[in-house]
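Some notes on the structure that comes next.
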Amino acid sequence: MTTSRRATGVSVDIWLMSLTYKLRDLLLPRTEILKEVGIREGYFVLDFGCGPGSYVLPLSRMVGEQGRVYALDRNPFAVDAVNRLVLKKQLPNVETILSDCHTGLASESIDAVLLYDVVHHLEARYNVLSELHRVLKDTGVLSVGDHHLKRDDIIRMVGEGGLFELAFEGRRTHNFRKSDLNGGKH
Ligand SMILES: C[S@@+](CC[C@H](N)C(=O)[O-])C[C@H]1O[C@@H](n2cnc3c(N)ncnc32)[C@H](O)[C@@H]1O
Numbered sequence: 423m424t425t426s427r428r429a430t431g432v433s434v435d436i437w438l439m440s441l442t443y444k445l446r447d448l449l450l451p452r453t454e455i456l457k458e459v460g461i462r463e464g465y466f467v468l469d470f471g472c473g474p475g476s477y478v479l480p481l482s483r484m485v486g487e488q489g490r491v492y493a494l495d496r497n498p499f500a501v502d503a504v505n506r507l508v509l510k511k512q513l514p515n516v517e518t519i520l521s522d523c524h525t526g527l528a529s530e531s532i533d534a535v536l537l538y539d540v541v542h543h544l545e546a547r548y549n550v551l552s553e554l555h556r557v558l559k560d561t562g563v564l565s566v567g568d569h570h571l572k573r574d575d576i577i578r579m580v581g582e583g584g585l586f587e588l589a590f591e592g593r594r595t596h597n598f599r600k601s602d603l604n605g606g607k608h
């Protein structure tokens, strides 16, 4: 497991992903998906498995100056693509994290975690979900979408281990809250 905040370079994979996502995002702007989650001004958001950063610009605008966007990916080329976007669009409220699990973020500091098209990739799923559970506030939302998986499989996979329970769903997102592991006593 690695956590670092620097990366450089380009890769054909990320370039292709970026190109495909540009078309995808033209057909369905990412803001439409983010509206389902209820992202607000001032929110601290973690985009786990951000890829080339389709959600980063809309997120940065939605959370505003008081908010923060942490864009995390295990692929250094994805992180580099987001770093370039941050420079090009001048997004001071965005920070990138190169990691495959640990975020380096403070416990209970995050209002929303996005896990979009990532669940089917996760090898150490429980470890990642534990880390997301640690950084999410008790009132936070874990928003999941994965067009490679059926709805019931997403709910089962994210609910496994009892860390999260389904709270609400949109057309394209399944949104989870932290399970009350203390039985209501905090
Ligand atoms: C299909 S892309 C989705 C990108 C973005 N979330 C989107 O929907 O536009 C999946 C991304 O998740 C990243 N990923 C997969 N497993 C990961 C892990 N354990 N930790 C961090 N990133 C991961 C991959 O490197 C890839 O960039």
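In our numbering, the protein residues as written are 423 to 608.
Heads up, the beta-carbon is just placed ideally off N, CA and C, and yes, glycines get one too.
Computed from a predicted structure; not experimentally measured.
Exposed or buried, what is His-570 when buried is set at 16 or more other beta-carbons lying within 10 Å of its beta-carbon? exposed
Just to check, is the beta-carbon of Asn-505 closer than 7 Å to a non-hydrogen atom of ligand 1? no
DSSP three-state call for Thr-561: helix, strand or coil? The answer is strand: DSSP assigns Thr-561 an E or B state.
For the beta strand (DSSP E) containing Ala-493, list its first residue and its last residue. 490 to 495
Using 7 Å as the cut-off, classify the Cβ of Gly-471 as near or not near the heavy atoms of ligand 1, replying yes or no. yes
Step through the CB atoms of chain D and report whether any lies within less than 8 Å of the CB of Glu-587. Any reference to chain D falls outside this structure, which holds one protein chain only.
Beta-ladder partner(s) of Ile-519, from DSSP: Residue pairing by DSSP places Ile-519 opposite Leu-494 in a beta bridge.
Would you kindly work out how many angstroms separate the C-alpha atoms of Leu-509 and Val-485, rounded to a whole number? A direct Cα-Cα distance of roughly 18 Å separates Leu-509 from Val-485.
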